[in-house]
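Numbering (the numbering used here), first residue to last: 81 to 191.
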């Protein structure tokens, strides 16, 4: 986890419907998830990153819940959570015009 977080909401996201006061809390939820469970992060293509997480069932449940809430307010995100031999794979995809948001989110992952 970064000690100097890069804000990815609200300044970089004009389509986010999450109330401004709740945005830092959501960012913290991602930071906490990544700090506790991220094993690696890799760029799959310009619009997609993969975060490999610990394969524990509670991590899968926590991630799925966070994904559902995030897509509810930032519909440009597409999340896919799958299991693999090396852990859970969280693929995060955005349209080309939202690559800066993806970059800022990926920068928060510090395995």
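We treat Cβ as the ideally placed atom computed from N, Cα and C, and that holds for glycine.
All values reported here derive from a predicted model rather than from experimental measurement.
Per-residue DSSP class, three states only, for residue i
i           : result
residue 154 : coil
residue 143 : helix
residue 174 : coil
residue 188 : coil
residue 180 : helix
residue 136 : coil
Check whether residue i and residue j have beta carbons under 8 Å apart
i           : j           : result
residue 182 : residue 174 : yes
residue 153 : residue 97  : yes
residue 124 : residue 166 : no
residue 119 : residue 133 : yes
residue 163 : residue 135 : yes
7 Å Cβ shell around residue i - same chain, five flanking residues per side excluded
i           : result
residue 186 : 121, 129
residue 199 : With the chain covering 81 to 191 only, the question about residue 199 has no answer from this structure.
residue 139 : 117, 133, 168
Close beta carbons around residue i, own chain, < 8 Å, minus the five adjacent residues each side
i           : result
residue 176 : 126, 127
Close beta carbons around residue i, own chain, < 6 Å, minus the five adjacent residues each side
i           : result
residue 141 : none
residue 147 : 159
residue 131 : 118, 121, 170, 189
Residue-chain proximity (residue i, chain D), Cβ-Cβ < 8 Å
i           : result
residue 128 : Included in the structure is just one protein chain, with no chain D present.
Outcome for residue i when other beta-carbon atoms lying within 10 angstroms are tallied against a minimum of 16
i           : result
residue 151 : exposed
residue 157 : buried
Restricting to runs no shorter than 4 residues, where is the alpha helix (DSSP H) found entirely within the region 91-120? Segments of the alpha helix (DSSP H) lying fully in the region 91-120: 103-117.
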